[in-house]
Structures are given as C-alpha cells and as structure tokens.
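Reading through the structure tokens given below for one structure.
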Amino acid sequence: MVRSWLVFGLTLAVAGVATTARAQDDLGSPPVGGESSAADPADTTMGSEAGTGRLGDEQAIASEQMGAEEFRDTTDPFEDPTEGYFFAGLFYRHIFVPEFLLNLFTDQSTAASNPAFGAELTYRKDGFDIVGSLWWARYAVEGPFRGSGDHVHDTEFIESDLSVLFLSASFLWSTPFNDIFALEYGVGLGLGVVLGSLHRTEAYPSSDQGSVNGYSACDDVNTPNVEYCDGPEIEGYCDGDGGHYCEEGKWSDGGDVPNVVPWFAVPQIALRIKPIRQLMIRIEGGFGLGFFLGGAVNYGF
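Note that this note's numbering has the sequence shown beginning at 154, numbered continuously upward.
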C-alpha cells in the first residue's frame, strides 16, 4: 500500500516539472539574474540602449556618416571655403611721394602728399580676394624740380594740379588668424587717365617767405634774378633749351604730361577685419606711384 502511494506521488512530481518546462519554452527563458527580456512599453528611446538614452550602434553609425548640422547665427563671420562671397564698399588712401624716391630721377625735387578715394567690389573664395576699384587720386605739388644732370640754372618751379582717375584690380591672398582677422597680401594692377594741368616757371635760389626747399618762382622773365630767370619776356613760352613760363601740354599735344599712367601696387598688404558676416574692414598699405596707406569699409551680401 505504501509502495502504491509512493509511485503515485512520484508520477505527480514528474508531471509538474514537465508542465513548468513547457511553459518556460513558450514564454522564452529569462536572462541570467531573473530580468525579463520583454520590451518595456514605457521605453521611448526609439532604438536607443534601453534606459540609457544613448544611441544604438546602427543609429550612431548613421549619425556619424550624415554629420551633425551646425547652426550658425546670421551674423557669424565664418566663411565656407567652398562658397563665394561678395562685398561692396568705399575706400580712402593717402599717397606719399617722398623726395628720396623722386631723387632717383631728379637732382632737385619736392615731396608730395595727396588724398585718393573710390569705390570697390570684392569677390572672395577660399581666402582669395579679387578687388575691382574705380577711384580718383590727386597728384598736386608746388615746389622746385630739376632734371637729373641738368645745370642748376635749369631749376624750375612746378605748380601741379594733376589728378588721375584709375580703374584697377587687386589680387590678394590671405592668412587667417581666426574667423575675424586675416593678413592679406598681393598686387594691384590698373590704368589711369590723367586730368588737370601742370604749370612750369623758372626758379631761383631764395630764402624769402613762401620759398620751397630754398627756391622761389620767378615773378617775371629776368626778374628778380637774371642769371636764373632766363628766357624771352613772354608768358606761355616753353622752350626745351631755355626758360619755361607756361602750362605744360599732354603727350597728345606734344607736351611732357602723360595722358594715361599705369598703376602697379607691389606689394599691397592689408589687415582684414570681419567682425560680423555683413561687415568687412580692410586696413591697407603698399607701394604704387608712391607709398600709400588707407582703409576700406565693405558690406557683405
């Protein structure tokens, strides 16, 4: 009797274990530690590692390949090297022609210092600027001049009211320090039409008030210094071998004043300042028909 109850009890135990095994197979085995592998309906990470907020492997790779879009403010001075930029503005230059430079071609000269200004349009891409300019420069001077090798008695007093209207282009490379500051360097080329007039008068050594570099203009032929104020007693006389009391003509009229002059700025150097996208400032200097120093203000669009 005891043996029959023992067999019956063992049969029930085996049946219970088999039933539990089948139930686990249907639902899936739980991971080690008893944590359920079923998706948590409250998990809204959309492919992120559950409960961490981190991107899954596939999402991380896709994000890296596409690249994150960087937001920039509309005034950000950053420039994309693959994109072209345009600027338009105005500039001012002051041109200095010192005596030591003129004395390379003369034995007596007078320094000149004159203004220049104009408008410019700049195209910039990948740190390279092409600057087109239309501008006016004054080349006025008043003082004694004498050609190289000429006799001291041939010194003349020049009164120049000349100016030049230039059309030029500058080609500038740049080395940036950051998005705002850059060093620019290059050359400028152009051609200018000469305007105005130049008057020539014989000159004599003088310490009188109004003299320039130790010379004054002769008031009249042979007056007040016969030795220096030579020539016939007529105004408007321009003799290549004698006295000069006249307005010098242009090349087209047979005179010595050119009708056109070239512009070569070598080198042309500038500090470029761009505090915001819409504003570009250039502080520049260089050499071209004299030394020049100036600045420009441009609007970027």
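Backbone N, C-alpha and C fix where the C-beta goes; we use that ideal spot for every residue, glycine too. On a predicted model such as this, the values are computed, not experimentally measured, just so you know.
Asked, Found
"Between the C-alpha atoms of tyrosine 245 and glutamate 380, what's the straight-line distance to the nearest angstrom?", "45 angstroms"
"When the distance is taken between beta carbons, is alanine 356 closer than 8 angstroms to alanine 335?", "no"
"How about serine 316 and tyrosine 338: do their beta carbons lie closer than 8 angstroms?", "no"
"Measuring alpha carbon to alpha carbon, tell me which of Pro415, Trp404, Gly439 ends up nearest leucine 318.", "Pro415"
"Here's a check: name, in chain order, each residue in its chain whose Cβ is nearer than 6 angstroms to the Cβ of aspartate 260, leaving out the five neighbours to either side.", "Arg299, Ser301"
"Within the same chain, show all residues whose beta-carbon is closer than 8 angstroms to that of aspartate 279, passing over the 5 residues directly before and after it, in chain order.", "Pro234, Thr235"
"Would alanine 171 be called buried (16 or more neighbouring beta carbons within 10 Å of its own) or exposed?", "Its pLDDT being 48, under 50, alanine 171 is placed unreliably in this model, and the coordinates cannot settle the point."
"Pair every Cβ in the segment 280-287 with every Cβ in the segment 245-259, then say whether three or more of these pairs are closer than 8 angstroms.", "no"
"Among the residues of its own chain, which have a CB less than 8 angstroms from the CB of proline 268, if the five just before and after it don't count?", "Tyr245, Arg246, His247, Ile248, Ala290, Arg291"
"Considering just the uninterrupted stretch of the beta strand (DSSP E) at phenylalanine 253, what are its terminal residues?", "Element bounds for phenylalanine 253: not the beta strand (DSSP E) but the alpha helix (DSSP H), 252-255."
"DSSP three-state call for aspartate 332: helix, strand or coil?", "coil"
"May I ask you to report which of helix, strand or coil DSSP gives serine 405?", "helix"
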